[in-house]
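Positions 50 to 228 (our numbering) are the ones given, in order, by the sequence shown.
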Amino acid sequence: MSELGLRAVYLSGPRVYLRAMVKEDGERGAAWLDDAFPVNAGRAEKVLEEDAGTSWPATRRRMVIVRTDGDEVVGGVIASSHDQYRTGWLHLTMAPWLPDADALRAEALRMLVPFLRDESEMMVVTLALPADQSDTIAAAEASGMVRAARLREWFVRPGGRADCLLFEALNPRWEVRDA
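Printed below as a string of structure tokens:
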């Protein structure tokens with residue numbers, strides 16, 4: 050099956066789409082695997098094998114972010130939960146060499162939040178973002194996420210540090226109005 054055969058209509062945007070991982074994604078691990086050291090194909094393939102060996106229900110689901118023009122893998126997403134997907138965390142990774150990484154990440158987030166909150170009916174979706182990713186922060190707010198916390202000087206940057214902003218999207222179906 051080709052990668053295009055895995056494209057889900059509801060997780061497709063004008064510039065990127067999200068899809069399940071395939072074995073060939075190991076060759077592009079540097080784009081989607083967030084690791085402390087440079088990632089090679091062998092390390093990425095090992096991660097894919099470990100993910101494939103998890104039991105059901107999976108507590109972590111990994112997807113790749115793919116550019117619609119040319120089907121280039123440009124990033125990855127991990128959606129994780131430890132309570133059978135009622136509350137969850139999102140972790141987005143983008144290829145560090147892309148000049149438009151923030152805009153592509155923002156587009157992926159605009160698809161992910163409604164999918165997890167509304168379609169998958171998660172009670173809350175939480176995301177940690179560096180404060181220097183302005184497009185992604187705007188997309189989080191436009192998706193109905195609210196800032197829940199700020200952790201000072203959390204992310205290392207060349208020549209300094211960036212704050213961590215925690216965002217949450219609450220599912221309106223689970224809100225208690227009279228509490």
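Idealized CB from N, CA, C, for every residue including glycine.
Handout entry: CB of L82 within 9 Å of CB of A69, strictly
Key = Taking 9 Å as the cut-off, the Cβ atoms of L82 and A69 do not count as close.
Handout entry: Rounded straight-line distance, which links the Cα of L67 to that of A79
Key = Roughly 17 Å between the two C-alpha positions.
Practice task
Confirm the yes/no value for this check: CB of F204, any heavy atom of the ligand GTP, distance under 8 Å.
Solution key: This structure lacks the ligand GTP, and indeed carries no ligand of any kind.
Handout entry: Proximal residues to M194 (C-beta, below 8 Å), its chain only, five neighbours per side dropped
Key = Answer for M194: V162, V174, L176, F216, E217 and A218, listed in chain order.
Practice task
Return the bridge partner residues of V195 from the DSSP annotation.
Solution key: Answer by DSSP bridge pairing, in chain order: E217.
Practice task
Could you spell out where the alpha helix (DSSP H) holding W81 opens and where it closes?
Solution key: Annotation: the continuous alpha helix (DSSP H) that includes W81 extends over G78 to W81.
Practice task
Please confirm whether S129 and M171 have their CB atoms less than 9 Å apart.
Solution key: In this structure, S129 lies away from M171, with their beta-carbon atoms at least 9 Å apart.
Problem - Host beta strand (DSSP E) of L153 (start-end) - result: In the DSSP assignment, L153 falls outside any beta strand (DSSP E) and within the unbroken alpha helix (DSSP H) covering A150 to P163.
Exercise for the section: Note the first and the last residue of the continuous beta strand (DSSP E) segment covering W245. Expected result: Outside the shown range of the chain, which is 50 to 228, sits residue 245, and nothing can be said about it.
Handout entry: Beta-carbon proximity list for R222, same chain, < 8 Å, skipping 5 on both sides
Key = So the qualifying residues of the chain are E170.
Problem - Beta-carbon gap between A197 and F204 smaller than 9 Å - result: If you check the CB distance, A197 and F204 do not come in under 9 Å.
Problem - Test item: CB-CB of T185 and L141 under 9 Å - result: Yes.
Exercise for the section: Counting only the same chain and skipping the five closest in sequence on each side, list residues whose C-beta sits under 7 Å from that of M50. Expected result: Bear in mind that a pLDDT of 41 at M50, under 50, signals an unreliable position, so the model cannot answer this.
Exercise for the section: Pull up the distance between the alpha-carbon of K72 and that of A90, whole angstroms please. Expected result: Between K72 and A90, the C-alpha separation is close to 11 Å.
Handout entry: R159 versus L153 - alpha carbon distance
Key = Approximately 10 Å between the Cα atoms of the pair.
Practice task
Tell me where the beta strand (DSSP E) around T175 begins and ends.
Solution key: That run of the beta strand (DSSP E) goes V173 to P179.
Exercise for the section: State the Cα-Cα distance for the pair C213 and Q182, rounded to the nearest angstrom. Expected result: Across the structure, C213 and Q182 are spaced so that their CA atoms are roughly 10 Å apart.
Exercise for the section: Report the residue from D149, R109, V88 and L165 whose alpha carbon sits nearest the alpha carbon of R64. Expected result: Ranking D149, R109, V88 and L165 by Cα distance to R64 puts D149 first.
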